[in-house]
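>
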Amino acid sequence: GVDQLLRRQQLDQQLSQCIVFWGQLSAFQTQQNVCYEAKQNMAVSYCTNNNILIVASATGTAAVKPVPKWDLKGRLQNLEAKFNDTENNNRTLEERVKHLESVKDCLESDNTQKVRQYENVQKELDETHGKLKEALMERESIKTTLNNKIGDLEFQLTQKNRMLNSLQQDYDAATQEVAALKRTNSELASAHSMSEAKIASLKAMLDSKDIMLDSKDTLIEDLQTAKMKLEQKNADFVERLRAGEKLRRKLHGQMQDMKGNIRVFCRVRPIIPSDNSKTDDMPHIKLEDGNKIVIFTRPELMFFLWKKVFRLYFKHFCRPRFEGWSYKLEATFIEIYNETIRDLLGNTGATPEIRMVASNSKEVYISNTQKHEVKSVSEVYRLLSMAQKQRAVASTACNERSSRSHSIFQLKIVGDNSATSEKTQGILSLVDLAGSERLKESLSSGDRLVETQNINKSLAQLGNVIAAVAGKKEHIPYRDSKLTHALMNSLGGGNSKTLMFVNISPLEKNGNESLNSLNFAAKVHNCHIGVATSKKTKV
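To convert, note that position 4 of the sequence shown is 4 in full-length UniProt numbering; the numbers rise steadily by one, no gaps.
1) Quick one: using the 10 Å Cβ neighbour count with 16 as the cut-off for buried, is V524 buried or exposed?
2) Which first and last residues belong to the beta strand (DSSP E) in which L483 is found?
3) Is N526 helix, strand or coil by DSSP?
4) Kindly list the residues whose CB is nearer than 7 Å to the CB of I199, restricted to its own chain and excluding five residues on each side of it in sequence; keep chain order.
5) Indicate the three-state DSSP secondary structure (helix, strand or coil) for Q13 in the structure shown.
6) Please name the residue, chosen from G426, T498, A486 and L459, that lies closest to L433 on a Cα-to-Cα basis.
7) Kindly indicate which three-state DSSP category I476 falls into: helix, strand or coil?
8) Identify whether K457 lies in helix, strand or coil by the three-state DSSP scheme.
9) Threshold first: 3 residues or longer. Then list the beta strand (DSSP E) segments lying entirely within the segment 162–218, N to C.
10) Tell me L329's beta-bridge partners as DSSP assigns them.
11) I need the straight-line Cα distance from S190 to K182, nearest angstrom please.
12) R355 bridges to which residues according to DSSP?
13) Verify whether the separation of the beta carbon atoms of I336 and A486 is less than 9 Å.
14) What do you reckon, are the CB atoms on I262 and M488 nearer than 9 Å?
15) I need the boundaries of the beta strand (DSSP E) containing E422, first residue and last residue.
16) With C-beta atoms as the reference, is N368 less than 9 Å away from T351?
17) Going by the beta-carbon positions, is the gap between E330 and L411 smaller than 9 Å?
18) If you compare alpha carbons, which of K423, T420, Q453 and L230 is closest to S436?
19) Closest to N338 by CA distance: which of V450, F409, G446 and S421 is it?
20) Smallest Cα separation from V264: which of Q254, T498, V374 and L125?
21) Hey, out of I504, G426 and D447, whose CA is closest to S490's CA?
22) DSSP on E335, reduced to helix/strand/coil?
23) Taking Cβ to Cβ, would you say A387 is nearer than 9 Å to L428?
24) When DSSP labels each residue in this structure, what does S496 get in the three-state scheme?
25) Spatial neighbours of G463 within its chain, please: C-beta separation below 7 Å, excluding the five flanking residues on both sides.
26) For the ligand HEM, I want to know if L146 counts as a neighbour, meaning its beta carbon is within less than 8 Å of at least one of the ligand's heavy atoms.
27) When the Cα atoms are used, what is the spatial distance from N51 to N89?
28) Using a threshold of 9 Å, state whether the C-beta atoms of S407 and F310 are closer than that.
29) Following the continuous beta strand (DSSP E) through R267, name the residue where it begins and the one where it ends.
30) For the beta strand (DSSP E) that contains A342, what are its first and last residues?
31) Which same chain residues end up closer than 8 Å to V115 when comparing Cβ atoms and leaving out the 5 residues on each side of it in sequence?
32) On the three-state DSSP scale, how would you describe N347?
33) My assumption, with CB atoms under 8 Å, is that A470 sits in contact with N526. Please give the rounded CB distance.
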């Protein structure tokens, strides 16, 4: 804005100078015209004056005294006088002509110079006139720009005034706030004085506390030294405890080996509460050592016994262990119905099959089954309840609700020791065996007949497998039945333990069946399947 104002002032000065120059040029042209006319008048006057002189001279010669015609001498004198006057006039005229020619040349030269000056002045005048027009146009442009700028400045001024009013209001509010802050400051000053007094008293207390802390620092150093000693003793005790735990497990395994890895219990129905106390603890089942445990039972005892097992083992596996072990538990539940394996916990879309873990291994697993990770007893109960609804049951002449299949609940336990980097794996198999039936007593027919035949065949094959294991035969017929084939890992080898519950009827009419069951239990009890060893691997 300031630059445009300065530029406008410069253009105004240039315009004023151009106007003055234009006036001077006009005056000069007028003066030149006057001079030119004066020179022409002078030349005319000069010629006129000469003519007047010539006329006057002629008039003078004509004034000669007249001479009579007869006076030839007088006439001759007059002629001579006229001739002399004429010659004088001629000479005078020639001189005048020469003078006029010189004057003419001077006037022409002066006129040429004046014309050139006029042309130059006219050219300068045209240039000045063009510059003047440009200056006027630029002046109008600058004037328009300045007017626009003035409008903008006026708008900005209006905005500034509004802002100034707003700032004035803010200033007034700030002034009020400052006044309030001053009042608050005075209040804080008084509070500060009180705080300083309180701080002084606290400093006095702190000095006394420092004295106490100095004595406590010495006590803390003594306690830290004692703590280090106790931690060292604790580490020694933990190491001794681990060694004792290993020895305890070893001795416990030896004791179980002396008792036998196949244990048989016999129960007579009905079950009464006083009989339950003997099953509260099962210390001979140790899954954390990597053993494969199988428990055979009948439906009447299945849920009662299984719940005790689950409570025992979840209490064992879920509690913090000083040895550094942590466990992961996975559950599967299948049934063998008419030599066909069915998944009771879901349907993967494919038929479950028994497969070998590896081509050079004797261990088997059941494929195409759903595995459920469990972390509490309630989750296991939920799976058992879901599976129980899928079981194959029917009514026979012997039982109103008779199991028509064998069920196998397997709990796979994988242990990981963060302290020793050891890993272990064990499998607990809970087997619910369908009871053997005599056809003449169960009166089975149709589908029930086929089911009874398959049940009796699989139970007989189970007895054959146990007998073959007891007789230490080279060939064990595991594959003759889906039941024995599925339990191949737990029935054979030196890394398995078996617990069987035989349930017999107290009625006399079932004496033959009870005797057969007791004979089968005695056969199983007398079977020895080797020494169960702990299977742990270093990672």
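Ideal Cβ placement from N, Cα and C applies to all residues, glycine included.
Checking against the coordinates, here is how it stands:
1) Start at 1 with the first residue of the sequence shown, and residue 524 comes out as number 524. When all chains shown are included, V524 counts as buried.
2) Working through the sequence shown from its first residue, we reach residue 483 at position 483. From DSSP, L483 is part of no beta strand (DSSP E) but of the alpha helix (DSSP H) over K482 to A486.
3) Taking the first residue of the sequence shown as position 1, residue 526 is located at position 526. Reduced to three states, the DSSP call for N526 is coil.
4) Position 199 of the sequence shown, counting from 1, holds the residue named residue 199. Contacts found: none.
5) One-based indexing of the sequence shown puts residue 13 at position 13. In the structure shown, Q13 sits in a helix (DSSP, three-state: H, G or I).
6) Indexing the sequence shown from 1 puts residue 433 at position 433. Per the Cα distances, L459.
7) By one-based count along the sequence shown, residue 476 stands at place 476. Coil.
8) The residue given as residue 457 occupies position 457 in the sequence shown. The answer is helix: DSSP assigns K457 an H, G or I state.
9) none
10) Residue numbering aside, residue 329 sits at position 329 when the sequence shown is read from its first letter. L329 is bridged to V374 and I413.
11) For this step, residue 190 is matched to residue 190 along the sequence shown. For this step, residue 182 is matched to residue 182 along the sequence shown. Looking at the two C-alpha atoms, the distance is approximately 12 Å.
12) One-based indexing of the sequence shown puts residue 355 at position 355. Partner(s): Y365.
13) What you label residue 336 is simply residue 336 of the sequence shown in a count that begins at 1. What you label residue 486 is simply residue 486 of the sequence shown in a count that begins at 1. Against a cut-off of 9 Å, the Cβ pair of A486 and I336 comes out as a contact.
14) On the sequence shown, residue 262 is found 262 positions in, with the first residue counted as 1. On the sequence shown, residue 488 is found 488 positions in, with the first residue counted as 1. Their beta carbons are not under 9 Å apart, which means I262 does not touch M488 by this criterion.
15) Working through the sequence shown from its first residue, we reach residue 422 at position 422. E422 to D432 is the extent of the beta strand (DSSP E) around E422.
16) Sequence index remark: in the sequence shown, residue 368 carries index 368 (1-based). Sequence index remark: in the sequence shown, residue 351 carries index 351 (1-based). Against a cut-off of 9 Å, the Cβ pair of T351 and N368 comes out as a contact.
17) The residue labelled residue 330 in the question sits at position 330 within the sequence shown. The residue labelled residue 411 in the question sits at position 411 within the sequence shown. Yes. Within cutoff.
18) The residue labelled residue 436 in the question sits at position 436 within the sequence shown. When each option's Cα is compared against that of S436, the closest is Q453.
19) The sequence position of residue 338 within the sequence shown is 338, counting from 1. Answer by Cα proximity: V450.
20) As a first step, residue 264 is located in the sequence shown; it is residue number 264 there, counting from the start. The residue with the shortest Cα to Cα distance from V264 is T498.
21) Your numbering for residue 490 matches position 490 in the sequence shown. Minimum Cα distance to S490 is reached at G426.
22) Position 335 of the sequence shown, counting from 1, holds the residue named residue 335. Strand at E335.
23) Mapped onto the sequence shown, residue 387 falls at position 387. Mapped onto the sequence shown, residue 428 falls at position 428. No, these two residues do not count as a Cβ contact at 9 Å.
24) Residue mapping note: residue 496 aligns to position 496 of the sequence shown, counting from 1. Of the three classes helix, strand and coil, the one that applies to S496 here is strand, per DSSP.
25) Locating residue 463 in the sequence shown gives position 463, counting from the first residue. Here the set comprises F520 and K523.
26) Ligands in the displayed structure: none, and consequently the ligand HEM is not present.
27) Here residue 51 refers to the residue found at position 51 of the sequence shown. Here residue 89 refers to the residue found at position 89 of the sequence shown. Unreliable positioning characterises N51 in this predicted model, as indicated by a pLDDT of 45, which lies under 50. A coordinate reading is not provided.
28) Residue numbering aside, residue 407 sits at position 407 when the sequence shown is read from its first letter. Residue numbering aside, residue 310 sits at position 310 when the sequence shown is read from its first letter. No, these two residues do not count as a Cβ contact at 9 Å.
29) Numbered from its first residue, the sequence shown carries residue 267 at position 267. It spans I262 to V268 - the beta strand (DSSP E) in which R267 sits, taken as one unbroken run.
30) Position 342 of the sequence shown holds residue 342. Per the sequence presented here, residue 342 reads as Arg, with Ala not at that position. That run of the beta strand (DSSP E) goes T340 to D343.
31) Position 115 of the sequence shown, counted from the start, is the residue given in the question as residue 115. If we look at V115 and ignore the five residues flanking it on each side, it has no Cβ neighbours.
32) Looking up residue 347 in the sequence shown gives position 347. It is coil, neither helix nor strand.
33) For the purposes of this step, residue 470 is taken as residue 470 along the sequence shown, with counting starting at 1. For the purposes of this step, residue 526 is taken as residue 526 along the sequence shown, with counting starting at 1. Rounded, the Cβ-Cβ distance is 6 Å, consistent with contact.
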